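Protein sequences appear in the order of chains A and B.
With the numbering used here, letter number 195 in the first sequence gets 195, and the count goes up by one each step, no holes.
With the numbering used here, letter number 7 in the second sequence gets 1007, and the count goes up by one each step, no holes.
A virtual CB, placed ideally from N, CA and C, is assigned to each residue, including glycine.
None of the values given here were measured: they were computed from a predicted structure.
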Amino acid sequence: MPDKRMTEDEVIADLESGMTIGIGGWGSRRKPMSLVRAILRSDLTDLHIVSYGGPDVGILTASGKATRVTYGFVSLDSIPLEPHFRAARQAGTLEDFMELDEGAFYLGLMAAAHRVPFYPTRAGLGTAMLSENPGLKTVTSPYADGEELVAIPAFEMDAVLLHMNRADAKGNGQFLGPDLYFDDLFAMAGKKTYMSAEKIIPTAQFLDEGPVHTLRIPRVHVDGVIEAPMGAHFTECPPDYGRDEAFQKEYAATAKDPEAWAQFRADWLELESHEAYRARLNERGLEQRGQS
Amino acid sequence: MSEQSEGDITLDEICVVAIAEAFRGDGEVLCNPMGPVPVIAGRLARATFEPDLMLTDTIAYAIEGNLPFGGDSSDAVIESYMPFRSIFDQVWSGKRHVVMGASQIDRHGNQNFAAIGPYRKPKAQLLGMRGAPGNLINHATTYWVPNQARAFSETVDVVSGPGYDRIAELPEASRSHFEIRRVVTDLGAYDFESEDRTMRVRSLHPGVTLDQAQEASPFELTVTGDVPESRRPTDEELALIRDVFDPKGVRKSEFR
């Protein structure tokens, strides 16, 4: 029986500069933040991030770790525009990006998961998504209709990072919140997939946690499992905890001021480990407040 | 933008009804409004003249009943499960009518909420494409524009939602599901039921003149025949808006 447990730093040791890294979750929801912070404190550079973006994309673009982003959107949900990402776009420090319709983004994940070069869609026809993205091509239907469609390319990803509510040591993952988002497709699409979880439990206990339909990440797609309680903080991870709105506001406010951003990074984002981060959260009493 | 109250009825309530009217005749489709005024409008339409609409709690469930805007949905009866993946499948299947915003919109209905200025290095990065390209080409879309003077534009900087002129360049198969049902603003309701598919004045809100509406638009508004006044809410609708769907008056926050 495989035991895939590892630490955040062991995941980072598997990664290389220049890689394409997919990040699961959605906006400011169930993001693998302990892994994102581990990237931030590493020597990795020149990353291409693929994400339904939230603070993961904000942090990695503002810090210069990501030089290219493929995304469906970048939002903090309760704060509709991710301010760090917005600042990077407006300053012109991130001109290498592919912005897709958020449904079309799903097709890029699915194409990669299914190992086909593209999936076709009408989304994008007549819009800037097609005209402003020279990397995006169309394809003509081989059937009698002969329709020209947008070919959403497979998002080939060297590594994928996910956060689940529960996992076992073998790499099976369980989501307990209202939405899996597209994490199963991310898991399949990654050459290597690393999954953090609030809690690692014995396989036999999964069904005590939730119905069988919540077991949506099968271990054949998972290479590493990282136990990270509060691992999605400050994004939401229901039912374990909601979004830490006060913390998120503080994070968002630092986009206006380079000094405040440097301070926030030092205080929170570049701590030496997830344990240190949790300890600091405990000091602030945030862990309790974030629990729903 | 003025606080145009007609007796007891306020502008926000006129707008709610004007958006609700956009759903008339939709029957059994997923009604997916975004933001306070559109969400209240969708729920109002279902509670009155369009009972077969499906509506979500804006999280992951399609729910029955009359839920207040922003209210706790944990006691609501769930009739179906609609996580984001199902929403996209729903978009492509076509049985959906969405209401979105527009930072800029032109006379052909080209909409921009992606970015202001050059796309690669914008002056202001806005929402991005979000679901606009897929929504427009797959099913009915209505736009909600709380400040007409600010949003109506000669041209848009970035096309996130295509208008009738761009769609006309596509082959029949690609454009057959496209429909901009309505554009509702603080001044009136517009459609594209004109011969050249340009934005036509469908109705003006009580107290608004055609000159005022034209003044708040850099492009010429299309007018065909007499322009009626936007329908006022019935007593039943007023009670639903004020007491059931939005007792806290969140809808008024959109008019700032």
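Helix, strand or coil at residue i according to DSSP, with G and I counted as helix
i	result
B/V1223	coil
B/V1039	helix
A/E198	strand
A/G24	coil
B/S1203	strand
A/I39	helix
B/H1139	coil
A/H163	strand
B/N1112	strand
A/I217	strand
B/A1060	coil
A/P142	coil
A/E156	coil
A/E236	strand
A/D184	helix
B/P1033	strand
A/T61	helix
A/D101	coil
A/G224	strand
A/H48	strand
A/M110	helix
B/D1191	strand
A/R115	coil
B/V1159	coil
A/G72	strand
Outcome for residue i when other beta-carbon atoms lying within 10 angstroms are tallied against a minimum of 16
i	result
A/S28	buried
A/M1	exposed
B/P1146	buried
A/L207	exposed
A/N282	exposed
A/Y277	buried
A/K31	buried
A/Y52	buried
B/G1225	exposed
B/S1153	buried
A/D223	buried
A/S75	buried
B/P1228	exposed
B/D1089	exposed
A/E8	buried
A/H233	buried
A/D168	buried
A/T45	exposed
A/S78	exposed
A/S292	Residue placement at A/S292 is flagged as unreliable, the pLDDT there being 47, under the threshold of 50; a coordinate-derived value is accordingly withheld.
A/Q205	exposed
B/F1192	buried
A/V220	exposed
A/T214	buried
B/K1248	exposed
A/S34	buried
Anticipated Cβ contact below 8 Å, residue i with residue j, distance rounded
i	j	result
B/H1139	B/G1094	5 Å
A/G22	A/V160	4 Å
A/L107	A/Y119	4 Å
A/P239	B/A1060	Their Cβ separation, rounded to whole angstroms, is 13 Å, which puts A/P239 and B/A1060 out of contact at 8 Å.
B/F1069	B/P1033	Not quite, the Cβ-Cβ distance comes to about 10 Å (not below 8 Å), so this is no contact.
B/I1040	B/D1246	5 Å
A/T235	A/G25	7 Å
B/R1107	B/F1219	4 Å
B/V1016	B/R1166	Contact doesn't hold; Cβ gap of about 30 Å is too wide.
A/C237	A/N172	Wrong, their Cβ atoms sit about 18 Å apart, outside the cutoff.
Residue i: CB within 7 Å of a non-hydrogen atom of the ligand PLP
i	result
B/M1129	The ligand PLP is absent from the structure shown, which contains no ligands of any kind.
*Name the residues in the region 104-127 of chain A whose C-beta lies less than 8 Å from a C-beta of chain B; which are they?*
Residues of the region 104-127 of chain A whose Cβ lies closer than 8 Å to any Cβ of chain B, in chain order: A104, Y106, T121, R122, A123, G124, L125, G126 and T127.
*At least three beta-carbon pairs within less than 8 Å, the region 142-150 of chain A to the region 166-185 of chain A*: No, the region 142-150 of chain A does not touch the region 166-185 of chain A.
*Check each residue of the region 1042-1071 of chain B: if its Cβ is closer than 9 Å to any Cβ of chain A, include it; give the result in chain order.*
I1059, A1060 and Y1061
_Using 8 Å as the cut-off, can you tell me whether the region 1115-1135 of chain B makes contact with the region 1151-1161 of chain B, which would need three or more C-beta pairs spanning the two stretches below that distance?_
yes
*asked:* Output needed in chain order: residues of the region 1093-1108 of chain B with a Cβ under 8 Å from some Cβ in chain A.
replied: none
_Segment contact flag, the region 43-61 of chain A with the region 76-87 of chain A, C-beta cutoff 8 Å, min 3 pairs_ = yes
*asked:* Tell me whether the region 1016-1028 of chain B and the region 1037-1049 of chain B touch, counting them as touching only if at least three CB pairs, one residue from each stretch, are closer than 8 Å.
replied: yes
_Near-chain B residues of the region 15-29 of chain A (beta-carbon distance less than 7 Å), N- to C-terminal order_ = W26
_I'd like to know if the region 193-202 of chain A and the region 227-236 of chain A are in contact, where contact means that at least 3 CB-CB pairs between them fall below 8 Å._
A contact exists between the region 193-202 of chain A and the region 227-236 of chain A.
*Is the region 1202-1210 of chain B close to the region 1167-1179 of chain B, with three or more CB pairs under 8 Å?*
no
*Is the region 6-16 of chain A close to the region 241-250 of chain A, with three or more CB pairs under 8 Å?*
Contact between the region 6-16 of chain A and the region 241-250 of chain A is absent, because fewer than three Cβ pairs lie under 8 Å.
_Assess contact between the region 67-79 of chain A and the region 87-107 of chain A, defined as three or more Cβ pairs (one per stretch) separated by less than 8 Å. Is contact present?_
yes
*Near-chain A residues of the region 1120-1142 of chain B (beta-carbon distance less than 9 Å), N- to C-terminal order*: If the cut-off is 9 Å between Cβ atoms, the region 1120-1142 of chain B has R1120, K1121, P1122, K1123, A1124, Q1125, L1126, L1127, G1128, M1129, R1130, G1131, A1132, P1133, G1134, N1135, L1136, I1137 and N1138 near chain A.
*According to a CB-to-CB cut-off of less than 9 Å, which residues of the region 1188-1216 of chain B neighbour chain A?*
Within the region 1188-1216 of chain B, contact with chain A at the beta-carbon level (separation under 9 Å) is assigned to no residue.
*Check distances from the C-beta atoms of the region 238-269 of chain A to those of chain B and list, in chain order, the residues that come in under 9 Å.*
Cβ contacts with chain B come from no residue of the region 238-269 of chain A.
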